[in-house]
Amino acid sequence: MRVFAHRGYSGLYPENTMLAFDKAREAGCKAMELDVHLSKDGELVIIHDEMLDRTTNAKGLVCSHTLAELQAFNAGTEEQFQAIPSLDTYCRWAKQHGIFTNVEIKTNLIYYPGIEEKVLALLEKYNLIEQTLISSFNHGSVIRMRQLCESMQCAFLVGGRGLANVGSYAKNFKVEYYHPDGAFLTKAAVDECKDQGVGVNVWTIDDLGLLHKMITWNVDGVFTNHCAPVLALLGEKHA
């Protein structure tokens, strides 16, 4: 089972910062999940929300600021400054350390024209296509990425109770993975995906009891804010 550090080791460190990614790597996690928006000047930046307010010391829309302006804001703590990373900076780091990455394209509330092409160009620049999985709640972005690159691994992100016959739905669009909310996932949905040859990566699994259920259901991967205890439990199970 693949363990994705959700926004890095976000349970202990500021989410979607290079510190959080590196701490997850140090904890033994070899896969990261991150969120990508476009800056005012068209640069790919790693931050979850469309607004700066929750995770930085600034306010307003991410897309209202240039990359230089965004990187002057603090996404860390009062004690330790952390810049909002560019996806370029992250890709250099991921290439260096052999990290697998789920890039979530955040176009479900604000659509950034051309963001899929920009993500693909950057992944090609660092030769990271095989080490990347693209997901989005905006399935149009996923389908666009599939059109742009047939070899890119892709996933449909779905919230709440998910979709009926989602395995067939994903297979129809040649999308390899389904990413459901673990709080609502059923074994029947997992089994239907498996029957269609579609993998299942589940978010966000911090409860070890729920992790036990995911292991029993034989899902392909989990996203977690607390990668160390999840990795430890999986290590015991595999042992």
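Here the UniProt record's numbering is used: the first residue of the sequence shown is 1, the next is one more, and so on.
Every residue gets a Cβ at the ideal spot worked out from N, C-alpha and C, and that includes glycine.
*Determine the contact status of Gly42 and Lys23, defining contact as a CB-CB distance below 8 Å.*
no
*By Cβ distance below 6 Å, which residues in the same chain neighbour Asn201 in space, the five residues on each side in sequence not counted?*
Tyr177, His179, Asp220, Gly221
*Quick one: is Lys106 buried, meaning 16 or more other Cβ sit within 10 Å of its Cβ, or exposed?*
buried
*With a threshold of 16 other CB atoms inside 10 Å of the CB of Gly160, please say whether the residue is buried or exposed.*
exposed
_Cα-Cα separation between Met51 and Phe21, rounded to whole angstroms_ = 21 Å
*Would you mind working out which of Gly182, Leu231, Ala228 sits nearest Met214, comparing C-alpha positions?*
Gly182
*Report the residue from Leu44, Met18, Ser39 whose alpha carbon sits nearest the alpha carbon of Met32.*
Met18
*asked:* Please classify Asp53 as buried or exposed, where buried requires at least 16 other C-beta atoms within 10 Å of its C-beta.
replied: exposed
_Chain-order list of residues whose beta-carbon lies under 7 Å from that of Thr77 (same chain, five-residue window excluded)_ = Pro14
*Cβ shell of residue 268 (< 7 Å), same chain only, five flanking positions each side left out*: Absent from the model: residue 268. The displayed extent of the chain is 1 to 239, so no value can be given.
*With 16 as the cutoff for other CB atoms within 10 Å, does Phe73 come out buried or exposed?*
Counting the other Cβ atoms within 10 Å of the Cβ of Phe73 gives 16 or more, which makes it buried.
*With burial defined as no fewer than 16 other Cβ atoms inside 10 Å of the residue's Cβ, what is the status of Pro85: buried or exposed?*
Buried: at least 16 other Cβ atoms inside 10 Å.
*What beta strand (DSSP E) runs, 3 residues minimum, are completely inside the region 72-150?*
100-105, 132-136
*Give the single residue among Cys29, Ala27, Glu26, Thr55 whose Cα lies nearest to the Cα of Asp35.*
Per the Cα distances, Thr55.
*Name the DSSP beta bridge partners of His179, please?*
Leu157
*Could you please give the first and the last residue of the uninterrupted alpha helix (DSSP H) stretch that includes His212?*
208-216
*Which residues bound the alpha helix (DSSP H) around Leu172?*
Reading off the sequence shown, one finds Asn at residue 172, where the question assumed Leu. Taken as a continuous stretch (DSSP letters only), the alpha helix (DSSP H) holding Asn172 covers 166-172.
*Just mark Gly209 as buried or exposed, buried being the case when its beta carbon has 16 or more other beta carbons within 10 Å.*
exposed
_Simplified DSSP assignment, three categories, for Asp35_ = strand
*Leaving out the 5 sequence neighbours to the left and right, which residues in its chain are closer than 8 Å to Phe63 when beta-carbon positions are compared?*
The amino acid occupying residue 63 in the given sequence is Cys; Phe does not appear at that position. His37, Leu38, Ser39, Lys40, Glu50, Ile110, Tyr112, listed in sequence order.
*Using alpha carbons as the reference points, say which of Val142, Ala155, Val198, Ser141 lies closest to Gly167.*
Ranking the options by Cα distance to Gly167, first place goes to Val198.
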